[in-house]
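Basically the working numbering = 1-based index in the sequence shown + 293.
A virtual CB, placed ideally from N, CA and C, is assigned to each residue, including glycine.
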Amino acid sequence: MKLPRPLSHSSISLYGECPQKYKFKYVDKIPEKPRHFFSFGQSVHSALEFFYGVKTPEPPPLADLLKNYQEVWVAAGYRDEAQEAEYFAEGKRILAEFHRKHSRDFHVPYFVEYAYNFEVDGVPVTGRVDRVDKLPDGRLRVLDYKTGKKLATGRLESDAQLTMYQYACETLLGAEIGELVFYHLPTLKEHRTTRRGAPLVDALKARIVTTAESIEKELFEPKPDESVCRWCDYKPLCPVFKDQYAGRPAAPARASGEPELAALVDKYGAAVAAAEAAREEADRAGRELADALRKKGYVRAFGAGFEVSLSPSVRWEFLDKKKVLKLIKEAGAYEKVLAPSAPLVHKLIEDPATDAALRERLAEEGERVESPELKLRPL
Ligand code: SF4
294 MKLPRPLSHS SISLYGECPQ KYKFKYVDKI PEKPRHFFSF GQSVHSALEF
344 FYGVKTPEPP PLADLLKNYQ EVWVAAGYRD EAQEAEYFAE GKRILAEFHR
394 KHSRDFHVPY FVEYAYNFEV DGVPVTGRVD RVDKLPDGRL RVLDYKTGKK
444 LATGRLESDA QLTMYQYACE TLLGAEIGEL VFYHLPTLKE HRTTRRGAPL
494 VDALKARIVT TAESIEKELF EPKPDESVCR WCDYKPLCPV FKDQYAGRPA
544 APARASGEPE LAALVDKYGA AVAAAEAARE EADRAGRELA DALRKKGYVR
594 AFGAGFEVSL SPSVRWEFLD KKKVLKLIKE AGAYEKVLAP SAPLVHKLIE
644 DPATDAALRE RLAEEGERVE SPELKLRPL
């Protein structure tokens with residue numbers, strides 16, 4: 294098959310994360326549901342595009358920036374109005390502080406939201422750089438805005454997105470990169486690094502070509518990973534989880550033509566999100582209680598309405614999930630687990646009906662972890 298669309302940093306990353314997920318999104322064109330953190334990032338990015346989009350040496354006043362922020366605000370994907378209001382206020386805070394800081398050193402950038410298209414060995418690649426500045430010596434400074442609460446600065450020196458921006462700007466704008474910057478907006482901190490050397494650029498080009506080749510060969514094998522599948526919108530369609538959803542016809546990806554159904558979907562989503570928040574709170578309280586019991590050497594305690602007891606619990610942990618999946622597949626037991634999730638593999642190891650050789654090999658791959666568990670009952 295032909296590439297369904299030019300590659301981009303995010304589509305290459307998605308293919309690397311799970312080729313099947315790439316297929317659902319870009320080949321089958323099934324949209325993912327909106328996420329609040331993408332909406333938030335998009336809103337703040339659009340407001341900064343307005344801030345730097347002026348053609349005069351004077352920055353727009355703060356009131357205009359905030360008015361624009363309100364106009365470009367993307368409301369999709371928030372759990373409820375309270376969460377949306379919280380993020381909206383955080384965006385206002387970021388923009389007000391950004392305005393205060395950068396009105397003083399304001400300059401018209403070389404490019405804002407620079408859209409690029411290039412080819413590597415005939416493979417088309419597209420993308421957008423948040424901002425490009427010209428340094429006094431004529432070289433370029435490339436900035437990527439980050440709006441997440443935390444920034445993993447460990448990847449600054451090797452991040453493939455910055456490498457791609459460097460390659461795009463140097464190839465298309467004909468000037469050398471002097472500085473690559475992750476600009477963490479919540480803290481207004483610039484994390485800078487110098488231009489990439491040839492090994493990282495060559496690795497990026499090779500990855501572009503091999504990803505395109507794999508897509509053209511239609512290699513869309515699912516790559517199950519608990520931490521990814523948990524949040525994957527395509528789980529009900531995914532072959533790895535087919536038995537869990539067997540017999541259920543897929544609903545249309547968007548219920549926009551059916552407002553009643555859409556309202557029920559959102560009601561259910563909000564309830565699940567609230568339940569998850571409550572679960573996190575319960576987990577925190579449980580950890581606190583277990584620590585307090587352990588410190589005192591107790592295995593049971595009473596409150597006014599509940600009793601808890603502390604009992605040992607056992608689980609298996611696996612580092613190399615791919616290897617575990619391979620062992621299970623080779624032993625013909627794949628249908629029993631469907632994915633190398635720890636509880637399912639635990640069941641397989643502990644099940645006396647499982648082939649003894651497989652149990653032994655799985656046990657060699659994992660670590661048996663004993664951890665205490667709280668049991669709660671009302672009085
Ligand atoms: S559920 Fe997991 S394996 Fe299936 S498409 Fe999503 S990420 Fe891939």
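Task: Test item: CB-CB of G420 and Y403 under 9 Å - done: The sequence position of residue 420 within the sequence shown is 127, counting from 1. The sequence position of residue 403 within the sequence shown is 110, counting from 1. In this structure, Y403 does not lie closer than 9 Å to G420 by Cβ.
Task: Distance CB(L436)-CB(L388) smaller than 9 Å - done: Here residue 436 corresponds to residue number 143 of the sequence shown, with the count starting at 1. Here residue 388 corresponds to residue number 95 of the sequence shown, with the count starting at 1. No. Outside cutoff.
- [ ] Taking 9 Å as the cut-off, decide whether the C-beta atoms of P312 and L618 are in contact.
- [x] Here residue 312 is taken as the residue at index 19 of the sequence shown, counted from 1. Here residue 618 is taken as the residue at index 325 of the sequence shown, counted from 1. No, the Cβ-Cβ distance between P312 and L618 is not below 9 Å.
- [ ] Indicate, with yes or no, if the ligand SF4 has a heavy atom lying under 8 Å from the CB of Y527.
- [x] On the sequence shown, position 234 is the one that residue 527 refers to. Within the cutoff, so yes.
Open item on the list: Assuming R434 and D426 are in contact, meaning their beta carbons sit under 8 Å apart, how far apart are those beta carbons, in whole angstroms?
Closed with: Position 141 of the sequence shown holds residue 434. Position 133 of the sequence shown holds residue 426. Going by Cβ atoms, the distance from R434 to D426 rounds to 4 Å, so yes, they are a contact pair.
Task: CA nearest to the CA of G370, picked from A378, D414, R608 - done: For the purposes of this step, residue 370 is identified with residue 77 of the sequence shown, where counting begins at 1. Answer by Cα proximity: A378.
Open item on the list: Is K640 near the ligand SF4 - that is, is its Cβ less than 8 Å away from at least one heavy atom of it?
Closed with: If you number the sequence shown from 1, residue 640 lands on position 347. Outside the cutoff, so no.
TODO: Using alpha carbons as the reference points, say which of F475, A382, H392, F330 lies closest to L358.
DONE: Position 65 of the sequence shown, counting from 1, holds the residue named residue 358. The shortest C-alpha separation from L358 is found at H392.
TODO: Could you tell me the boundaries of the alpha helix (DSSP H) in which F381 lies?
DONE: The sequence position of residue 381 within the sequence shown is 88, counting from 1. Note, F381: alpha helix (DSSP H), 374-397.
Task: A461, buried or exposed, once every other Cβ within 10 Å from all chains shown has been counted against 16 - done: For the purposes of this step, residue 461 is identified with residue 168 of the sequence shown, where counting begins at 1. So A461 ends up on the buried side.
Task: 3 or more residues per run - each beta strand (DSSP E) lying fully within the stretch 411-444 - done: 416-427, 433-439
Open item on the list: Would you say the beta carbon of P515 is closer than 8 Å to some non-hydrogen atom of the ligand SF4?
Closed with: Within the sequence shown, the letter at position 222 stands for residue 515. At least one heavy atom of the ligand SF4 is nearer than 8 Å to the Cβ of P515, so yes.
- [ ] For E469, name the three-state secondary structure that DSSP assigns.
- [x] Reading the sequence shown from its first residue, position 176 is the one you call residue 469. Of the three classes helix, strand and coil, the one that applies to E469 here is coil, per DSSP.
Task: Pick from P515, A566, K360, I323 that is closest to Q376, judged by C-alpha positions - done: In the sequence shown, counting from the first residue as 1, residue 376 sits at position 83. The candidate whose alpha carbon is nearest that of Q376 is A566.
Open item on the list: Going by C-alpha to C-alpha distance, which of D430, T480, V474, R593 sits closest to T487?
Closed with: One-based indexing of the sequence shown puts residue 487 at position 194. From the listed residues D430, T480, V474, R593, the smallest Cα separation to T487 is found for V474.
- [ ] Just tell me which of P671, K443, I305 has its CA closest to the CA of Q454.
- [x] Working through the sequence shown from its first residue, we reach residue 454 at position 161. Of the listed residues, the one whose Cα sits closest to Q454 is I305.
Open item on the list: Please report the straight-line C-alpha distance between K510 and E450, rounded to a whole angstrom.
Closed with: What you label residue 510 is simply residue 217 of the sequence shown in a count that begins at 1. What you label residue 450 is simply residue 157 of the sequence shown in a count that begins at 1. Each residue's alpha carbon lies about 32 Å from the other.
Open item on the list: Bridge partners for V601 per DSSP, in chain order?
Closed with: The residue labelled residue 601 in the question sits at position 308 within the sequence shown. The partner list for V601 (beta bridge, DSSP) reads A594, L669.
- [ ] Using 10 angstroms around the beta-carbon of G447, count the other beta-carbons present and answer buried if the total reaches 16, otherwise exposed.
- [x] Stepping through the sequence shown from its first residue, residue 447 is reached at position 154. G447 comes out exposed.
Task: Residue(s) in a DSSP beta bridge with L300 - done: Numbered from its first residue, the sequence shown carries residue 300 at position 7. Per DSSP, V418.
Task: Nonlocal neighbours in the same chain, by C-beta distance under 6 Å from R593, ignoring five residues either side - done: As a working mapping, residue 593 is identified with position 300 in the sequence shown. In the same chain as R593, and ignoring 5 residues on each side of it, the C-beta atoms closer than 6 Å to its own belong to S602, in chain order.
Open item on the list: Judging by CA-CA distance, which residue of S301, P299, Y315 is the nearest neighbour of D526?
Closed with: Translated into the one-based positions of the sequence shown, residue 526 becomes position 233. The candidate whose alpha carbon is nearest that of D526 is Y315.
Task: CB contact flag (S336, G415, <9 Å) - done: Stepping through the sequence shown from its first residue, residue 336 is reached at position 43. Stepping through the sequence shown from its first residue, residue 415 is reached at position 122. It is not a contact, given that the beta carbons lie outside the stated cut-off.
Open item on the list: On the DSSP bridge list, what partners appear for Y407?
Closed with: The residue labelled residue 407 in the question sits at position 114 within the sequence shown. The partner list for Y407 (beta bridge, DSSP) reads V422.
TODO: Could you tell me whether the stretch 565-579 touches the stretch 345-363, using the rule of 3 or more Cβ pairs below 8 Å?
DONE: With a cut-off of 8 Å, the stretch 345-363 and the stretch 565-579 do not count as touching, because too few Cβ pairs lie within range.
Task: Residues sharing a beta bridge with H484, DSSP - done: The residue labelled residue 484 in the question sits at position 191 within the sequence shown. In the DSSP output, where bridge partners are listed per residue, H484 has F475.
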